[in-house]
Amino acid sequence: MTARGILSLTGLAVLAGLSYGLLRWVESSLREPAPAESQAPVLTVERFRAVRLNIAGMREYVVEAPRLWQLPGQGGIEIERPTLDWYQPNGRIREWRLQADQGWIAADNQSVRLDGEVVMSRGAESGKPPVTVTTRDVLVRLDERQAETTAPARAVTPGGELRAVGLRAFLDEERLELLSEVRGVYEPPKR
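The opening residue of the sequence shown carries number 1 in this note's numbering; numbering runs sequentially from there.
What follows is the structure in structure tokens.
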């Protein structure tokens with residue numbers, strides 16, 4: 001075979017390769033694009049209410065919300081305007097109520113994040129002094145019965161008002177930890 005024949009065969013091989021590549025490119029551009037993954041919720045519950053019982057079979061806490069949902073691939077559940085009621089060990093008297101604009105329950109059900117404005121209140125019916133705490137973005141550790149935030153917080157009691165940045169509430173104890181920049185006003189009861 002002559003040099004001219006080898007050059008012609010090489011040229012034909014290159015053209016065949018380019019033609020094949022062009023054909024594959026045209027085929028791939030003509031295919032339908034893969035459908036986008038749907039963002040429709042995989043779970044939606046209206047008027048949600050869940051009750052957790054303690055070992056003695058008494059109410060430990062109740063979570064309620066007008067709506068909850070889970071999106072595809074999401075590792076938890078979103079909650080609209082959640083309310084968490086924590087009960088004393090007898091399960092009859094509510095100790096604390098936590099309310100928020102939005103919430104999120106972790107996939108392992110060990111924690112709840114309350115987003116937006118959060119109001120934590122303990123009423124006089126608990127037998128302890130009433131207190132109302134207003135703050136933002138609270139993480140509730142369910143098994144530890146603790147709620148905490150790093151946001152500014154305001155606690156109002158019958159005798160005064162406290163403001164702080166960061167707060168930790170022990171929901172089964174009569175204890176609030178104010179973490180920093182604490183300021184307060186206290187008026188002792190009149191005799």
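Backbone N, C-alpha and C define an ideal beta-carbon position, used for all residues, glycine too.
In this structure, the CA atom of G166 is about 6 Å from the CA atom of P152. Within the same chain, M58 come within 8 Å of N90 by CB-CB distance, once the 5 residues on both sides are set aside. DSSP, read as helix, strand or coil, puts R92 in coil.
Rounded to the nearest angstrom, the Cβ distance from R49 to Y61 is 12 Å, too far for a contact under 8 Å. A distance of 9 Å or more separates the beta carbons of A155 and E181. The beta carbons of L179 and A169 sit no closer together than 9 Å. Here the C-alpha atom of E64 lies approximately 33 Å from the C-alpha atom of G184. Between V140 and V112, the C-beta spacing is below 9 Å.
In its chain, beyond the 5 residues on either side, E46 and E80 have a beta carbon closer than 6 Å to the beta carbon of R67. Per DSSP, reduced to three states, the secondary structure at G21 is helical.
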